[in-house]
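Just so you know, the sequence shown maps onto residues 2 to 285 in our numbering.
Each residue gets a CB set at the ideal place from its N, CA and C atoms; glycine is no exception.
Down below is the structure, laid out as structure tokens.
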Amino acid sequence: MKKNGLIEEHAILAESQGVRIRRMVLYAPEIATKAKAGQFIVLMVSEYGERIPLTIVSRDATKGTVTLIFQEAGLTTTFLGRLVAGDFLYALAGPLGTPTEMACYGEVIIIGGGVGIAEAYPVAKAYKDIGNRVTAIVGARTKDFLILLDELKAVADEIHVTTDNGSFGRKGFVTDVLKELITKHKYNVVYAVGPLPMMKAVSNATKAANIKTLVSLNALMVDATGMCGSCRVSVDGKTKFSCIDGPEFPGHLVDWDELDKRNKIYASQEAHVCKLKLAQGSLT
Numbered sequence: 002m003k004k005n006g007l008i009e010e011h012a013i014l015a016e017s018q019g020v021r022i023r024r025m026v027l028y029a030p031e032i033a034t035k036a037k038a039g040q041f042i043v044l045m046v047s048e049y050g051e052r053i054p055l056t057i058v059s060r061d062a063t064k065g066t067v068t069l070i071f072q073e074a075g076l077t078t079t080f081l082g083r084l085v086a087g088d089f090l091y092a093l094a095g096p097l098g099t100p101t102e103m104a105c106y107g108e109v110i111i112i113g114g115g116v117g118i119a120e121a122y123p124v125a126k127a128y129k130d131i132g133n134r135v136t137a138i139v140g141a142r143t144k145d146f147l148i149l150l151d152e153l154k155a156v157a158d159e160i161h162v163t164t165d166n167g168s169f170g171r172k173g174f175v176t177d178v179l180k181e182l183i184t185k186h187k188y189n190v191v192y193a194v195g196p197l198p199m200m201k202a203v204s205n206a207t208k209a210a211n212i213k214t215l216v217s218l219n220a221l222m223v224d225a226t227g228m229c230g231s232c233r234v235s236v237d238g239k240t241k242f243s244c245i246d247g248p249e250f251p252g253h254l255v256d257w258d259e260l261d262k263r264n265k266i267y268a269s270q271e272a273h274v275c276k277l278k279l280a281q282g283s284l285t
């Protein structure tokens, strides 16, 4: 009998200049039957590790599996990347968070930046499944970090691709394409997920055009139950928690400057601990 948290598949999805984006399939039948677009899980690699949130990219209720995509960006994701098929996670909880707000809006733009493309895909699919016309805009630093393009092409009516250096698609940023599209055509909703500066820029562009905009915030998160308060964010002057109220919020109402400061609070400590633990080869 399979055990919850079993890693069934694990592979490198993209790699360049020492940066890796990985795809992992976990056996988690209860999560697989309940998860909806926009929700996430929290996992622990070991007894001594931290809890980290990862968005559920896809699920297979029949097989009892969920698929995650993550970038090795810190201590825990680096150690997570060292696990292989057949290993087990120490702990796994989910699905968590509020599912993406779903409705048949009509014309919807889905924007994904970097590893955020993985989070944009299930949302694009969910919007398409209920009858929306979906336009996808995805961007990355280089062509090496463009992921899930075939999957997005299968669910989007239209797709635009950008890279910072012009190595694939259009040279520039997702906001360049967004600004052009919204001046030529009427869109009802814009959904964005990716680096914080990108989501802020998207929200600024759509605010001027008065287009409803949703963003998926990657706020700091510890317990994922709303108790610790580490993931709090100011939305329309009120305190919200990404783990239970989000992770999605109206982009025009987010206090982006405050969120940016909060997300950088532990950056230097994380870098120091990451180097130390990687040298030791252990999370203990």
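- When DSSP states are grouped into helix, strand and coil, residue 155 belongs to the helix group.
- Secondary structure at residue 80: helix, using DSSP grouped into helix, strand and coil.
- For residue 52 and residue 96, the gap between their C-alpha atoms comes out near 14 Å.
- Residue 161 has its alpha-carbon roughly 19 Å from the corresponding atom of residue 212.
- Taking the C-beta atoms as reference points, residue 214 is found no nearer than 7 Å to residue 186.
- Setting aside the 5 residues that flank it on each side, residue 196 is surrounded in the same chain by 114, 115, 117, each with a C-beta closer than 8 Å to its C-beta; the list follows chain order.
- Contact between residue 121 and residue 111 holds: their C-beta atoms lie close to 5 Å from each other, under 8 Å.
- Counted as a single uninterrupted DSSP element, the stretch harbouring residue 148 is not any beta strand (DSSP E), since DSSP gives it neither H nor E.
- Counting the other Cβ atoms within 10 Å of the Cβ of residue 244 gives 16 or more, which makes it buried.
- If you draw a straight line from the Cα of residue 256 to the Cα of residue 216, it comes to about 12 Å.
- Taking all protein chains shown into account, residue 176 has 16 or more neighbouring C-beta atoms within 10 Å of its C-beta and is therefore buried.
- Cβ-Cβ distances below 8 Å link residue 85 to 8, 11 in the same chain, with the five nearest sequence neighbours on each side left out; the list follows chain order.
- Taken in chain order, the complete beta strand (DSSP E) segments of 3 residues or longer contained in the stretch 169 to 232 are 190 to 194, 213 to 217.
- For a cut-off of 8 Å, the C-beta gap from residue 168 to residue 129 is around 28 Å, too long to register as a contact.
- Ranked by Cα distance from residue 170, the first of 141, 153, 184 is 141.
- Classified as buried, residue 28 has 16 or more neighbouring CB atoms from the shown chains inside 10 Å of its CB.
- Taking all protein chains in view, the Cβ of residue 192 is crowded by 16 or more other Cβ atoms within 10 Å, so the residue is classified as buried.
- Where residue 263 is concerned, the enclosing alpha helix (DSSP H) starts and stops at 257 to 264.
- Non-local C-beta neighbours of residue 106 in its own chain, meaning closer than 7 Å and more than five positions away in sequence, comprise 133, 189, 190, ordered along the chain.
- About 14 Å separates the Cβ atoms of residue 101 and residue 119, ruling out a contact at the 8 Å cut-off.
- DSSP places residue 3 outside any beta strand (DSSP E), giving it a letter other than H or E.
- Under the DSSP assignment, residue 62 falls outside any alpha helix (DSSP H); it carries neither an H nor an E label.
- Residue 230 has its alpha-carbon roughly 15 Å from the corresponding atom of residue 54.
- By the neighbour-count criterion, in which a residue is buried when 16 or more other Cβ atoms sit within 10 angstroms of its Cβ, residue 248 is buried.
- Taking a contact as a CB-CB distance under 8 Å, the pair residue 98 and residue 174 does not count as one, their CB atoms being some 27 Å apart.
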